[in-house]
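Chemist: Sending over a structure as structure tokens; questions will come in a sec.
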Amino acid sequence: MLPVAIAQSTASATIPRVNLAHLDHLYAETTIGSERVGVVHIYSEAPDFRFAIEPREGFTCVDDVARAIVLLAATPRPDARRLHQIDLLTKFVLRMQADNGYFHNFLWGDGRINREYRTSLAELNWWSLRALWGLEAALPHLPAATAARARTAADRVVVNLKRDLPVDAKGTTRVANIIVPTWLPLESGADAGSTALLGLLPHYRRTNDAATRALIERIGEGMLVMQAGDAQRFPHGVHLSWRNQWHAWGNAQAYALLRAGKLLNRRDFIDSALREVDHFYPHLLKAGMRSAFTLENMGDGFAAPQAQRFPQIAYGISPMILAATEAYRQTGQPRYRTTAERLATWFTGANDAGRAIYDPASGRVLDGINGKGSVNPNAGAESTIEGLFALTALHGTPLP
5 MLPVAIAQST ASATIPRVNL AHLDHLYAET TIGSERVGVV HIYSEAPDFR
55 FAIEPREGFT CVDDVARAIV LLAATPRPDA RRLHQIDLLT KFVLRMQADN
105 GYFHNFLWGD GRINREYRTS LAELNWWSLR ALWGLEAALP HLPAATAARA
155 RTAADRVVVN LKRDLPVDAK GTTRVANIIV PTWLPLESGA DAGSTALLGL
205 LPHYRRTNDA ATRALIERIG EGMLVMQAGD AQRFPHGVHL SWRNQWHAWG
255 NAQAYALLRA GKLLNRRDFI DSALREVDHF YPHLLKAGMR SAFTLENMGD
305 GFAAPQAQRF PQIAYGISPM ILAATEAYRQ TGQPRYRTTA ERLATWFTGA
355 NDAGRAIYDP ASGRVLDGIN GKGSVNPNAG AESTIEGLFA LTALHGTPLP
């Protein structure tokens, strides 16, 4: 295993610097009930990057605030300003927890929690899983009172996950002649499962709870079932996202499996993740980036009857960079650093639009590539934070 200090010292000078200026632009403070909380605006629209609101959802959400917490918690030696932001952002997440232990996602501009819209329901879904990751990431940086609340809130989520994702579940189903598990979040959601692991792993480190470890292992085992192809056969070791579908966004299975494999000494998790990094990422770099495809088992191999090249977004690139940098961190093999750097050129202009997606002067990450030669010029929270995740890892700093 390569020591962290060595991995950090080899960060390439060609990687753009991490600039939090646009995140600071997106950051704001507001009140929920009688409590001051921190938020990040979801939408920031070109050319002046003013804020916008989605009329069915709201202006800020747990999904992006939790991301911001993870990013700020990865800041080496956060100063008083960053610690203040982490504290208030954590208080926002805490305020969004429902009585059932899961989280509502969106907040209206007048301070009301959106409790009705489908992407804001308090349920086992992406935003509740990301809230767990954010809360656990925040804990080392919080004042005592907020930390106590955050531990309680995170523990409640994990109790729910143990109930709703039973480790003795063993069901599978067949989709397009592909066997997929049914015990993951959203039944076969390996993508959502990867976010669950990123929150459960620090929870297990904190609690040393055997039931949490068992849940991590069961989710990881479900991800192994979702892997298809190998070095020679398409799709070259990729972990499918859900059912027979792969999409780039949120597909952090290789990254989560590497982290789980290291913590739990599960060599099968690490080997599975490395197959994706070794074979699928080079395939994309050679054939061209993809947004999504559906897979069908033809008996003698796999076919992708439906495939999309666009849109391409930072949230699709960053999970691959996180996996490749983690592979380098664990193995010390230079090829993984090279893969990460090649993927990172998507941010600097080696992409289908021929445009830089990250601006190191402003810290903005554009909202993606719409098509050949066409970008989405806005720079919202998800794109900006996911791009900064990738750059943070490339500079040798692991995410919490």
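Residue 357 in this note's numbering sits at position 353 of the sequence shown, with consecutive numbering throughout.
No residue lacks a Cβ here, since even glycine has one placed at the ideal position from N, Cα and C.
Values in this document were obtained by computation on a predicted structure and should not be read as measured data.
Quick one, are the C-beta atoms of V161 and L111 less than 8 Å apart?
Modeler: Contact: no.
Chemist: Tell me, please, whether the segment 228-237 touches the segment 270-288 by the rule of three or more beta-carbon pairs shorter than 8 Å.
Modeler: Yes, the segment 228-237 is in contact with the segment 270-288.
Chemist: Please list, in chain order, all residues of the same chain as G292 whose beta carbon is under 8 Å from its beta carbon, the five residues on each side excluded.
Modeler: Correct list, in chain order: R313, D356.
Chemist: Check for me: the beta strand (DSSP E) holding N4 runs from which residue to which?
Modeler: The requested residue 4 does not occur in the structure, where the chain is confined to residues 5 to 404.
Chemist: Classify P286 as helix, strand or coil using the three-state DSSP reduction.
Modeler: Looking at P286 - three-state DSSP - the assignment turns out to be helix.
Chemist: Taking DSSP as the reference, what is the three-state secondary structure of P402?
Modeler: In this structure, P402 counts as coil in the three-state DSSP scheme.
Chemist: Could you tell me the boundaries of the alpha helix (DSSP H) in which G320 lies?
Modeler: Unbroken alpha helix (DSSP H) run through G320: 318-335.
Chemist: Which first and last residues belong to the alpha helix (DSSP H) in which W350 is found?
Modeler: Element bounds for W350: 338-352.
Chemist: Rounded to the nearest angstrom, what separates L75 and Q310 at their Cα positions?
Modeler: Looking at the two C-alpha atoms, the distance is approximately 34 Å.
Chemist: Give, in chain order, every unbroken run of the beta strand (DSSP E) that is at least 3 residues long and sits entirely within the segment 172-237.
Modeler: Whole beta strand (DSSP E) segments, 3+ residues: 176-179, 182-185.
Chemist: Rounded to whole angstroms, what's the CA-CA distance from A394 to E39? Just pull it up for me.
Modeler: Distance between the alpha carbons of A394 and E39: 33 Å.
Chemist: Starting from the N-terminal side, write out each stretch of the beta strand (DSSP E) that is 3 residues or longer and does not extend beyond the segment 51-119.
Modeler: Runs of the beta strand (DSSP E) inside the segment 51-119: 54-56.
Chemist: Considering only the beta carbon of each residue, do G377 and G353 sit closer than 8 Å?
Modeler: Result no, Cβ atoms of G377 and G353 do not sit closer than 8 Å.
Chemist: When burial is assigned at 16 or more other CB atoms within 10 Å of the CB, is E71 buried or exposed?
Modeler: The sequence given here has Arg at residue 71, not Glu. So R71 ends up on the buried side.
Chemist: Do F107 and S132 have their C-beta atoms within less than 8 Å of each other?
Modeler: Going by C-beta atoms, F107 is nearer than 8 Å to S132.
Chemist: Is the segment 242-260 in contact with the segment 164-172, if contact means three or more CB pairs nearer than 8 Å?
Modeler: Short answer: they don't touch.
Chemist: Starting from W130 and walking both ways along the alpha helix (DSSP H), at which residues does that stretch end?
Modeler: Taken as a continuous stretch (DSSP letters only), the alpha helix (DSSP H) holding W130 covers 130-142.
Chemist: Report the partner residues of N301 according to the DSSP bridge assignment.
Modeler: Answer is F306.
Chemist: Quick one: residues in its chain with C-beta nearer than 8 Å to the C-beta of I274, no 5 flanking neighbours on either side, listed in chain order?
Modeler: L261, L262, G265, K266, Q334.
Chemist: Can you give me the start and stop residues for the beta strand (DSSP E) that S378 sits inside?
Modeler: Unbroken beta strand (DSSP E) run through S378: 378-380.
Chemist: In chain order, what residues of the same chain have a beta carbon less than 6 Å from the beta carbon of P402, not counting five sequence neighbours either side?
Modeler: For P402, where only same-chain residues beyond five positions count, there are no Cβ hits under 6 Å.
Chemist: For the beta strand (DSSP E) that contains G372, what are its first and last residues?
Modeler: Per DSSP, G372 belongs to the beta strand (DSSP E) from 372-375.
Chemist: Relative to the C-alpha of D114, which candidate in F63, N212, T177 has its C-alpha closest?
Modeler: Nearest of F63, N212, T177 to D114, Cα basis: F63.
Chemist: Cβ atoms of L30 and A385: under 8 Å apart, would you say?
Modeler: Taking 8 Å as the Cβ cut-off, A385 and L30 qualify as a contacting pair.
Chemist: Would DSSP call Y121 helix, strand or coil?
Modeler: Coil at Y121, not helix or strand.
Chemist: Go to R40, then tell me how far its beta strand (DSSP E) extends in each direction, as first and last residue.
Modeler: Segment 39-44, the beta strand (DSSP E) holding R40.
Chemist: Using CA coordinates, which residue listed in G303, P51, W130 is at the minimum distance from D371?
Modeler: D371 has its Cα closest to that of P51, out of G303, P51, W130.
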